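Enquirer: First to last, the protein sequences are chains A and B.
If you want the numbering used here, it's the 1-based position in the first sequence plus 72.
If you want the numbering used here, it's the 1-based position in the second sequence plus 72.
Built from N, CA and C at the ideal position, the CB exists for glycine as well.
On a predicted model such as this, the values are computed, not experimentally measured, just so you know.
Number of protein chains: 2
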Amino acid sequence: MEKKKNISMAVIKRLPKYYRYLSDLLKNDVDRISSKELGEKIGFTASQIRQDLNCFGDFGQQGYGYNVRELHAQISNILGIHKKYKSIIVGAGNIGQALANYSNFRDLGVEAVGIFDANPKLIGMKIRDIEIRDIDEFPEYVKNNCVDIGIICVPSRNAQTVCDELTACGIKAIWNFAPIDLTTPDDVVVENVHLSESLLTLVYLANQKHQ
Amino acid sequence: MEKKKNISMAVIKRLPKYYRYLSDLLKNDVDRISSKELGEKIGFTASQIRQDLNCFGDFGQQGYGYNVRELHAQISNILGIHKKYKSIIVGAGNIGQALANYSNFRDLGVEAVGIFDANPKLIGMKIRDIEIRDIDEFPEYVKNNCVDIGIICVPSRNAQTVCDELTACGIKAIWNFAPIDLTTPDDVVVENVHLSESLLTLVYLANQKHQ
DNA sequence: TAGATTGTTAATCGATTAACAATC
DNA sequence: TAGATTGTTAATCGATTAACAATC
């Protein structure tokens, strides 16, 4: 992370994709790759790849390209995958439970350490090795356990309240699965997963193709 | 849908958001709204909203603004929410089951009519009123049941194969939850939900804010 | 050395914002 | 009629692509 001007959101959104393709190359024991080859794989122009990477540093070598292992390490660093993060899931419905069970996030350094719900029928139930607790307990839990990320999986009518409580106890990163736009203090980042919007986009595009 | 040049993806991705905010307004019995007011709610400029809407038609009235009920109906039409769609879910793991249970998509006209998995322990199990079937049966099922949308929730190593089978039996719209980029014929549309990429974006942004 | 490929500047393209005449 | 707000054109801004000197 040598350079660092103002990275545009367009670039940031492509970083995880670079990380994924480089992880694949690494797994396949590829040593080096040029922006041209990588571009053909991902479906970007070589030019764009070089522009993107040069926002963060000079990782390549003229006449050679990029060393896969090194570039992968650099992007891991840029994304912050070298660190470990604790998350809690608020809302143990379908999506909350699915996320708690989904193990892949641990590879990205993010571990779910707590799950909370308001439904007495769910409280006490275990998902993997984590017990679902009463939703009222999460502020206390966050204070005692250095939680980095709050994952909101409650219905939209409760989402803003949960969000406010999460930020009140110091959480600075929120992954929001509720279909609303949350309001947060300036120093808090929110990443939305709006499944309904994604599905509507698909439906629109499908209708266009088929006239 | 009067006009219709080449709608940019940027505009298309905003349509579901317009739909959501207009649904809210409708629910709150708001009769009319100006691009200025709507912009303040959503966080867009008034100019952008007028530009976006004018890709599809002249829905407003000078001096008045937009009639909420009418604009909502128009956007429903543009998105294709007036029609009904049948979907099948391939892969009944955490995410597949969560999507099958999640009822909200029915409001958007999309109904899950079948779920399939390769795991014998899951086959026969019921989610809501739908029985999980053997994954080998889905091509036959698609042919007999006018399925519009294939939802891929299998592990990434199987995702391309499932995708090929879905397109082979005529599916033109794929909602992909596997963390890979699928290859499809030109007349098939794919919408990806890449949760890992979303989470990595959040982690990156959180690290930037906190230096 | 010759070939390959980078980092970076310049050119192009597209998307957003501003401005304003038209008009309800 | 006067005020408000649209639809649309023009101006600006930002992102992508192309080009090429630098250099491994």
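Select from the stretch 75 to 90 of chain A all residues with a C-beta closer than 7 Å to any C-beta belonging to chain B, and list them in chain order.
Expert: For the stretch 75 to 90 of chain A, which is checked against every Cβ of chain B, the residues closer than 7 Å are I84, K85, L87, P88 and K89.
Enquirer: Quick one: is K244 (chain A) buried, meaning 16 or more other Cβ sit within 10 Å of its Cβ, or exposed?
Expert: Taking the first residue of the first sequence as position 1, residue 244 (chain A) is located at position 172. Answer is buried; the Cβ neighbour count reaches 16.
Enquirer: Tell me F116 (chain A)'s beta-bridge partners as DSSP assigns them.
Expert: As a working note, residue 116 (chain A) is residue 44 in the first sequence. Paired residues: none, contrary to the question.
Enquirer: Contact criterion: CB-CB distance below 7 Å. Does Y136 (chain A) meet it with respect to chain B?
Expert: Here the question's residue 136 (chain A) lines up with position 64 in the first sequence. No, no contact with chain B.
Enquirer: Using beta-carbon positions only, say whether F131 (chain A) and I150 (chain A) come within less than 7 Å of one another.
Expert: In the first sequence, the residue the question calls residue 131 (chain A) occupies position 59. In the first sequence, the residue the question calls residue 150 (chain A) occupies position 78. No; because the gap between Cβ atoms is not below 7 Å, this pair is not in contact.
Enquirer: Is the CB of E269 (chain A) under 7 Å away from at least one CB in chain B?
Expert: For this step, residue 269 (chain A) is matched to residue 197 along the first sequence. Yes, its Cβ sits closer than 7 Å to a Cβ of chain B.
Enquirer: Can you pull the chain B residues whose beta carbon is under 8 Å from the beta carbon of A245 (chain A), in chain order?
Expert: Counting from one through the first sequence, the residue named residue 245 (chain A) turns up at place 173. Those within 8 Å of A245 (chain A) in chain B are L274, V275, L277 and A278.
Enquirer: Determine the burial state of E209 (chain B): buried for a count of at least 16 other Cβ atoms within 10 Å of its Cβ, exposed for fewer.
Expert: Taking the second sequence and counting its residues from 1, one reaches residue 209 (chain B) at position 137. It counts as exposed.
Enquirer: Using a C-beta cutoff of 7 Å, does G152 (chain A) count as contacting chain B?
Expert: Taking the first residue of the first sequence as position 1, residue 152 (chain A) is located at position 80. Yes, contact with chain B.
Enquirer: Who are the Cβ neighbours of L97 (chain B) in its own chain at under 7 Å, not counting the five residues just before and after it?
Expert: Along the second sequence, read from residue 1 onward, the residue named residue 97 (chain B) stands at position 25. Cβ neighbours of L97 (chain B) beyond the five flanking positions: I105 and V140.
Enquirer: Under a Cβ-count criterion, where at least 16 other Cβ atoms within 10 Å of its own Cβ denotes burial, should T117 (chain B) be classed as buried or exposed?
Expert: Sequence index remark: in the second sequence, residue 117 (chain B) carries index 45 (1-based). That one is exposed.
Enquirer: Taking the C-alpha atoms as reference points, what is the distance between Q232 (chain B) and T255 (chain B)?
Expert: Mapped onto the second sequence, residue 232 (chain B) falls at position 160. Mapped onto the second sequence, residue 255 (chain B) falls at position 183. Looking at the two C-alpha atoms, the distance is approximately 7 Å.
Enquirer: Under the three-state reduction of DSSP, which class applies to R205 (chain A): helix, strand or coil?
Expert: On the first sequence, residue 205 (chain A) is found 133 positions in, with the first residue counted as 1. R205 (chain A): strand per DSSP, three-state reduction.
Enquirer: Measuring CB atoms only, is the stretch 187 to 194 of chain A touching the stretch 185 to 196 of chain B, in the sense that at least three cross pairs come out at less than 8 Å?
Expert: Taking 8 Å as the limit for Cβ pairs, the verdict is that the stretch 185 to 196 of chain B does not touch the stretch 187 to 194 of chain A.
Enquirer: So C225 (chain A) and L267 (chain A) are supposed to be a Cβ contact under 8 Å. How far apart are they, rounded?
Expert: To locate residue 225 (chain A), count along the first sequence from 1; it is residue 153. To locate residue 267 (chain A), count along the first sequence from 1; it is residue 195. That pair is no contact at about 11 Å.
Enquirer: Mind pulling the chain B residues with CB within less than 7 Å of Y213 (chain A)?
Expert: Against the first sequence, residue 213 (chain A) aligns to sequence position 141. Ordered by position in chain B, no residue passes the 7 Å Cβ test against Y213 (chain A), which lies about 19 Å from the chain.
Enquirer: Check whether the Cβ of D259 (chain A) lies closer than 7 Å to any Cβ atom in chain B.
Expert: Walking along the first sequence from the start, residue 259 (chain A) turns up at place 187. Chain B contact via Cβ: present.
Enquirer: Hey, C13 (chain A) and V214 (chain A): beta-carbon distance below 7 Å or not?
Expert: What the structure shows of chain A is the stretch from 73 to 283, and residue 13 (chain A) is not part of that stretch, so it cannot be assessed.
Enquirer: Which ranges would you report for the alpha helix (DSSP H) in the stretch 199 to 279 of chain B if only whole runs of at least 4 residues count?
Expert: Entirely contained in the stretch 199 to 279 of chain B, the alpha helix (DSSP H) runs reaching 4 residues are, in chain order, 210 to 217 and 228 to 240.
Enquirer: Please compile the residues from chain B whose C-beta is within a distance smaller than 9 Å of the C-beta of K158 (chain A).
Expert: In the first sequence, the residue the question calls residue 158 (chain A) occupies position 86. By Cβ distance, chain B contributes nothing, its closest Cβ being about 12 Å from K158 (chain A), past 9 Å.
Enquirer: What's the C-alpha gap between G152 (chain A) and L194 (chain A)?
Expert: The residue you call residue 152 (chain A) lines up with position 80 of the first sequence. The residue you call residue 194 (chain A) lines up with position 122 of the first sequence. Near 34 Å, if we compare the C-alpha coordinates of L194 (chain A) and G152 (chain A).
Enquirer: Apart from the five residues on each side of it in sequence, which residues of its chain come closer than 6 Å, Cβ to Cβ, to G168 (chain B)?
Expert: Taking the first residue of the second sequence as 1, we reach residue 168 (chain B) at position 96. For G168 (chain B), where only same-chain residues beyond five positions count, the Cβ hits under 6 Å are I161 and C225.
Enquirer: Taking the alpha-carbon of V85 (chain A) as reference, which of B:N279, B:A278, B:S270 and B:Q280 has the nearest alpha-carbon?
Expert: One-based indexing of the first sequence puts residue 85 (chain A) at position 13. Residue identity differs from the one stated: residue 85 (chain A) is Lys in this sequence, not Val. Closest option to K85 (chain A), Cα to Cα, is B:S270.
Enquirer: Only counting the same chain, and skipping five residues up and downstream in sequence, which positions put a Cβ closer than 8 Å to that of I221 (chain A)?
Expert: Taking the first sequence and counting its residues from 1, the one referred to as residue 221 (chain A) is at position 149. Result list for I221 (chain A): Y157, K158, S159, I160, V182, I243, A245, I246 and W247, in chain order.
Enquirer: Tell me the rounded alpha-carbon separation between D179 (chain A) and S95 (chain B).
Expert: Locating residue 179 (chain A) in the first sequence gives position 107, counting from the first residue. Locating residue 95 (chain B) in the second sequence gives position 23, counting from the first residue. Roughly 39 Å separates the two Cα atoms.
Enquirer: What does DSSP give as the partner residue(s) for R104 (chain A) in the beta ladder?
Expert: Stepping through the first sequence from its first residue, residue 104 (chain A) is reached at position 32. A:N139, per the DSSP bridge assignment.
Enquirer: Among A:H282, A:L274, A:A278 and A:K281, which one has its Cα closest to the Cα of P88 (chain B)?
Expert: On the second sequence, residue 88 (chain B) is found 16 positions in, with the first residue counted as 1. When only C-alpha atoms are compared, the closest one is A:L274.
Enquirer: Tell me which same chain residues have a C-beta within less than 8 Å of the C-beta of I252 (chain B), skipping the five on either side of it?
Expert: Sequence index remark: in the second sequence, residue 252 (chain B) carries index 180 (1-based). Excluding sequence neighbours, I252 (chain B) sits near S228, A231 and Q232.
Enquirer: Would N166 (chain B) be called buried (16 or more neighbouring beta carbons within 10 Å of its own) or exposed?
Expert: As a first step, residue 166 (chain B) is located in the second sequence; it is residue number 94 there, counting from the start. Buried.
Enquirer: Tell me where the alpha helix (DSSP H) around K155 (chain B) begins and ends.
Expert: Position 83 of the second sequence, counted from the start, is the residue given in the question as residue 155 (chain B). First-last for K155 (chain B): undefined, no H or E at that position.
Enquirer: On the three-state DSSP scale, how would you describe K99 (chain B)?
Expert: Against the second sequence, residue 99 (chain B) aligns to sequence position 27. Residue state, collapsed to three classes: helix.
Enquirer: Who are E183 (chain A)'s beta bridge partners in DSSP?
Expert: The residue given as residue 183 (chain A) occupies position 111 in the first sequence. Answer is A:K158, bridged to E183 (chain A).
Enquirer: Using a Cβ-Cβ cutoff of less than 6 Å, which residues in the same chain neighbour A164 (chain B) once the five nearest sequence positions on both sides are dropped?
Expert: The residue you call residue 164 (chain B) lines up with position 92 of the second sequence. I187, D189, L194 and I204, listed in sequence order.
Enquirer: For my contact list, V261 (chain B) and L277 (chain A) are in at a C-beta cut-off of 8 Å; report their separation, rounded to the angstrom.
Expert: Working through the second sequence from its first residue, we reach residue 261 (chain B) at position 189. Working through the first sequence from its first residue, we reach residue 277 (chain A) at position 205. Right, the Cβ-Cβ distance comes to about 4 Å (below 8 Å), so this counts as a contact.
Enquirer: Could you pull the DSSP bridge partners for G132 (chain B) from this structure?
Expert: Translated into the one-based positions of the second sequence, residue 132 (chain B) becomes position 60. DSSP, once it has assigned bridges, lists B:Y138 as partnering G132 (chain B).
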